[in-house]
Amino acid sequence: MSASMLGFVVNDTLTKSVSDELSLFQVVLVRGLFATALILLIAWRAGALRYRPTPKERVWMSWRVLGEVLGTCFFLTALFNMPIANAVAILQCVGLVVTLAAALLLGDQVGWRRYLAILIGLCGVLLIVRPGTEVLLKLIAAAAFVLVGYNAGVQAMRVGEVGFVSPFRYLNLLWAMVLGYLVFGDLPGPITMLGAALIVATGVYTLHRERVTGQAAAKREPGLRP
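Going by our numbering, the first residue of the sequence shown is number 1, and it counts up by one from there.
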(Lines of atoms letter the chains of each structure in order from A; the text may use other names.)
(Lines give C-alpha, C1' and ligand atoms only; values in the text may rest on other atoms or scores of the structure.)
Protein backbone atom coordinates (compact mmCIF):
# COMPACT_ATOMS: atom_id res chain seq x y z
CA MET A 1 0.00 0.00 0.00
CA SER A 2 2.95 2.31 0.69
CA ALA A 3 4.19 1.63 -2.86
CA SER A 4 0.68 2.30 -4.18
CA MET A 5 0.52 5.70 -2.51
CA LEU A 6 4.00 6.61 -3.80
CA GLY A 7 2.99 5.59 -7.32
CA PHE A 8 -0.07 7.85 -7.26
CA VAL A 9 1.85 10.84 -5.87
CA VAL A 10 4.73 10.50 -8.38
CA ASN A 11 2.07 10.40 -11.09
CA ASP A 12 0.45 13.56 -9.68
CA THR A 13 3.84 15.29 -9.49
CA LEU A 14 4.72 14.51 -13.11
CA THR A 15 1.25 15.52 -14.26
CA LYS A 16 1.36 18.84 -12.42
CA SER A 17 4.79 19.58 -13.91
CA VAL A 18 3.31 19.67 -17.45
CA SER A 19 0.16 21.62 -16.55
CA ASP A 20 1.56 24.85 -18.02
CA GLU A 21 2.23 23.19 -21.38
CA LEU A 22 -0.87 21.04 -21.92
CA SER A 23 -4.58 21.50 -21.27
CA LEU A 24 -6.58 19.36 -18.86
CA PHE A 25 -8.11 17.17 -21.57
CA GLN A 26 -4.80 16.71 -23.37
CA VAL A 27 -3.31 15.42 -20.13
CA VAL A 28 -6.25 13.09 -19.50
CA LEU A 29 -6.12 11.74 -23.07
CA VAL A 30 -2.36 11.17 -23.37
CA ARG A 31 -1.89 9.78 -19.87
CA GLY A 32 -5.02 7.66 -20.21
CA LEU A 33 -3.93 6.15 -23.53
CA PHE A 34 -0.58 5.02 -22.18
CA ALA A 35 -2.05 3.78 -18.90
CA THR A 36 -4.75 1.83 -20.76
CA ALA A 37 -2.16 0.24 -23.05
CA LEU A 38 -0.09 -0.89 -20.06
CA ILE A 39 -3.15 -2.25 -18.25
CA LEU A 40 -4.29 -4.15 -21.37
CA LEU A 41 -0.84 -5.72 -21.67
CA ILE A 42 -0.90 -6.90 -18.06
CA ALA A 43 -4.51 -8.14 -18.37
CA TRP A 44 -3.59 -10.07 -21.52
CA ARG A 45 -0.60 -11.70 -19.85
CA ALA A 46 -2.79 -12.64 -16.87
CA GLY A 47 -5.52 -14.08 -19.08
CA ALA A 48 -8.08 -11.61 -17.66
CA LEU A 49 -9.34 -10.54 -21.10
CA ARG A 50 -11.20 -13.85 -21.44
CA TYR A 51 -13.66 -12.79 -18.73
CA ARG A 52 -17.10 -11.72 -19.97
CA PRO A 53 -19.08 -9.60 -17.48
CA THR A 54 -22.81 -10.10 -17.05
CA PRO A 55 -25.23 -7.36 -18.22
CA LYS A 56 -25.70 -6.23 -14.61
CA GLU A 57 -21.94 -6.07 -14.09
CA ARG A 58 -21.58 -4.01 -17.28
CA VAL A 59 -24.03 -1.44 -15.90
CA TRP A 60 -22.13 -1.09 -12.63
CA MET A 61 -18.81 -0.98 -14.46
CA SER A 62 -20.14 1.80 -16.73
CA TRP A 63 -21.13 3.88 -13.72
CA ARG A 64 -17.69 3.23 -12.22
CA VAL A 65 -15.99 4.42 -15.43
CA LEU A 66 -18.10 7.58 -15.48
CA GLY A 67 -17.21 8.29 -11.86
CA GLU A 68 -13.52 7.65 -12.59
CA VAL A 69 -13.53 10.09 -15.54
CA LEU A 70 -15.29 12.83 -13.59
CA GLY A 71 -13.06 12.27 -10.56
CA THR A 72 -9.93 12.49 -12.71
CA CYS A 73 -11.03 15.72 -14.40
CA PHE A 74 -11.98 17.40 -11.13
CA PHE A 75 -8.84 16.28 -9.32
CA LEU A 76 -6.50 17.35 -12.14
CA THR A 77 -8.22 20.73 -12.32
CA ALA A 78 -7.51 21.18 -8.61
CA LEU A 79 -3.97 19.84 -9.00
CA PHE A 80 -3.18 22.37 -11.74
CA ASN A 81 -4.31 25.27 -9.57
CA MET A 82 -3.06 24.53 -6.05
CA PRO A 83 -0.05 23.00 -4.24
CA ILE A 84 0.12 19.23 -4.64
CA ALA A 85 0.21 18.56 -0.88
CA ASN A 86 -2.99 20.59 -0.42
CA ALA A 87 -4.79 18.72 -3.21
CA VAL A 88 -3.74 15.32 -1.88
CA ALA A 89 -4.62 16.29 1.69
CA ILE A 90 -8.16 17.16 0.63
CA LEU A 91 -8.34 13.88 -1.29
CA GLN A 92 -7.76 12.00 1.97
CA CYS A 93 -11.27 12.92 3.12
CA VAL A 94 -12.67 10.43 0.59
CA GLY A 95 -12.81 7.75 3.30
CA LEU A 96 -14.87 10.03 5.52
CA VAL A 97 -17.25 10.91 2.68
CA VAL A 98 -17.68 7.22 1.77
CA THR A 99 -18.59 6.43 5.37
CA LEU A 100 -21.13 9.27 5.38
CA ALA A 101 -22.60 8.21 2.02
CA ALA A 102 -22.91 4.60 3.19
CA ALA A 103 -24.88 5.78 6.20
CA LEU A 104 -27.17 8.12 4.26
CA LEU A 105 -27.70 6.05 1.08
CA LEU A 106 -27.13 2.43 2.06
CA GLY A 107 -28.46 2.44 5.60
CA ASP A 108 -25.15 1.50 7.28
CA GLN A 109 -25.16 1.97 11.04
CA VAL A 110 -22.83 4.85 11.94
CA GLY A 111 -22.61 5.99 15.54
CA TRP A 112 -22.24 9.55 16.82
CA ARG A 113 -18.48 9.09 17.26
CA ARG A 114 -17.95 8.50 13.55
CA TYR A 115 -20.32 11.33 12.62
CA LEU A 116 -18.28 13.63 14.85
CA ALA A 117 -15.03 12.36 13.29
CA ILE A 118 -16.42 13.05 9.80
CA LEU A 119 -17.40 16.58 10.81
CA ILE A 120 -13.95 17.31 12.27
CA GLY A 121 -12.26 15.84 9.18
CA LEU A 122 -14.31 18.09 6.89
CA CYS A 123 -13.30 21.05 9.05
CA GLY A 124 -9.71 20.00 8.31
CA VAL A 125 -10.52 20.31 4.59
CA LEU A 126 -11.80 23.85 5.14
CA LEU A 127 -8.57 24.75 6.95
CA ILE A 128 -6.59 23.64 3.90
CA VAL A 129 -8.83 25.21 1.26
CA ARG A 130 -9.40 28.52 3.05
CA PRO A 131 -11.89 29.84 0.46
CA GLY A 132 -10.84 33.20 -0.98
CA THR A 133 -6.99 32.60 -0.76
CA GLU A 134 -4.76 31.68 -2.78
CA VAL A 135 5.99 16.68 -21.99
CA LEU A 136 4.82 14.05 -23.12
CA LEU A 137 7.64 11.81 -21.71
CA LYS A 138 6.48 13.00 -18.31
CA LEU A 139 2.91 11.90 -19.04
CA ILE A 140 4.12 8.47 -20.13
CA ALA A 141 5.97 8.20 -16.81
CA ALA A 142 2.83 9.47 -15.04
CA ALA A 143 0.79 6.72 -16.72
CA ALA A 144 3.29 4.12 -15.54
CA PHE A 145 3.07 5.37 -11.97
CA VAL A 146 -0.74 5.35 -12.12
CA LEU A 147 -0.41 1.69 -13.01
CA VAL A 148 1.95 1.14 -10.08
CA GLY A 149 -0.52 2.85 -7.78
CA TYR A 150 -3.55 0.84 -8.86
CA ASN A 151 -1.76 -2.50 -9.09
CA ALA A 152 0.02 -2.19 -5.74
CA GLY A 153 -3.19 -1.00 -4.07
CA VAL A 154 -5.23 -3.93 -5.41
CA GLN A 155 -2.55 -6.45 -4.43
CA ALA A 156 -2.35 -4.98 -0.92
CA MET A 157 -6.12 -5.25 -0.46
CA ARG A 158 -6.09 -8.84 -1.74
CA VAL A 159 -3.50 -10.16 0.70
CA GLY A 160 -3.86 -7.82 3.69
CA GLU A 161 -6.57 -7.32 6.27
CA VAL A 162 -8.55 -4.20 5.35
CA GLY A 163 -8.33 -2.68 8.84
CA PHE A 164 -4.54 -3.03 8.79
CA VAL A 165 -3.90 -1.95 5.19
CA SER A 166 -6.24 1.04 4.92
CA PRO A 167 -4.34 3.43 7.25
CA PHE A 168 -1.30 3.14 4.97
CA ARG A 169 -3.27 5.15 2.39
CA TYR A 170 -2.42 8.23 4.43
CA LEU A 171 1.21 7.88 3.36
CA ASN A 172 -0.12 9.51 0.19
CA LEU A 173 -0.06 12.79 2.07
CA LEU A 174 3.54 12.33 3.25
CA TRP A 175 4.76 11.50 -0.27
CA ALA A 176 2.88 14.54 -1.62
CA MET A 177 4.49 16.89 0.88
CA VAL A 178 7.99 15.58 0.15
CA LEU A 179 7.65 15.67 -3.64
CA GLY A 180 5.74 18.96 -3.54
CA TYR A 181 8.68 20.55 -1.74
CA LEU A 182 11.43 18.89 -3.83
CA VAL A 183 9.85 19.51 -7.24
CA PHE A 184 7.74 22.65 -6.84
CA GLY A 185 9.13 24.26 -3.69
CA ASP A 186 5.71 24.05 -2.03
CA LEU A 187 6.00 23.82 1.74
CA PRO A 188 2.66 23.43 3.55
CA GLY A 189 2.01 26.10 6.16
CA PRO A 190 1.01 25.37 9.76
CA ILE A 191 -2.71 25.74 9.03
CA THR A 192 -2.50 23.25 6.17
CA MET A 193 -0.54 20.86 8.38
CA LEU A 194 -3.21 21.18 11.08
CA GLY A 195 -5.97 20.48 8.57
CA ALA A 196 -4.10 17.46 7.21
CA ALA A 197 -3.54 16.16 10.73
CA LEU A 198 -7.27 16.44 11.48
CA ILE A 199 -8.16 14.55 8.29
CA VAL A 200 -5.67 11.74 8.97
CA ALA A 201 -6.59 11.45 12.65
CA THR A 202 -10.33 11.32 12.02
CA GLY A 203 -9.89 8.93 9.10
CA VAL A 204 -7.85 6.48 11.18
CA TYR A 205 -10.32 6.83 14.06
CA THR A 206 -13.23 6.09 11.72
CA LEU A 207 -11.49 2.91 10.54
CA HIS A 208 -10.93 1.95 14.17
CA ARG A 209 -14.60 2.46 15.04
CA GLU A 210 -15.69 0.41 12.02
CA ARG A 211 -13.50 -2.44 13.24
CA VAL A 212 -14.82 -2.16 16.81
CA THR A 213 -18.41 -2.16 15.52
CA GLY A 214 -17.71 -5.19 13.33
CA GLN A 215 -16.21 -7.13 16.23
CA ALA A 216 -19.18 -6.27 18.44
CA ALA A 217 -21.59 -7.48 15.75
CA ALA A 218 -19.60 -10.71 15.40
CA LYS A 219 -19.94 -11.38 19.13
CA ARG A 220 -23.70 -10.92 18.92
CA GLU A 221 -23.89 -13.28 15.91
CA PRO A 222 -21.53 -16.23 16.49
CA GLY A 223 -21.59 -17.29 12.84
CA LEU A 224 -20.34 -13.87 11.64
CA ARG A 225 -16.60 -13.28 11.36
CA PRO A 226 -15.29 -9.79 12.31
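For each residue, glycine too, the CB sits at the ideal point set by N, CA and C. Note that the structure is predicted; figures quoted are calculated from it, not measured.
Nearest-angstrom Cα distance between residue i and residue j?
i	j	result
A176	G32	21 Å
T13	K56	37 Å
N151	S4	7 Å
A35	A101	30 Å
V10	R158	23 Å
E210	L136	43 Å
L41	G47	10 Å
A143	A201	31 Å
V27	G203	31 Å
Y51	L66	21 Å
G180	D108	37 Å
T133	L79	Here T133 scores only 44 on pLDDT, less than 50, and its place in the model should not be relied on; the value that follows carries that caveat. Approximately 15 Å, taken between the alpha carbons.
I118	L96	5 Å
L22	F184	17 Å
L194	L24	30 Å
Buried or exposed for residue i, going by 16 or more other Cβ atoms inside 10 Å?
i	result
V88	buried
I90	buried
F145	buried
C123	exposed
L116	exposed
Q155	exposed
G160	exposed
V94	exposed
R45	exposed
How is residue i classed by DSSP in three states: helix, strand or coil?
i	result
M1	coil
S19	coil
V110	coil
L33	helix
R52	coil
Q26	helix
C93	coil
R211	helix
D12	helix
V83	Val is not the amino acid found at residue 83; the sequence shown has Pro there. Residue state, collapsed to three classes: coil.
P190	helix
Would you be able to state if there are at least three C-beta pairs under 8 Å between the segment 187-202 and the segment 70-90? Counting C-beta pairs closer than 8 Å gives three or more between the segment 70-90 and the segment 187-202, which meets the contact rule.
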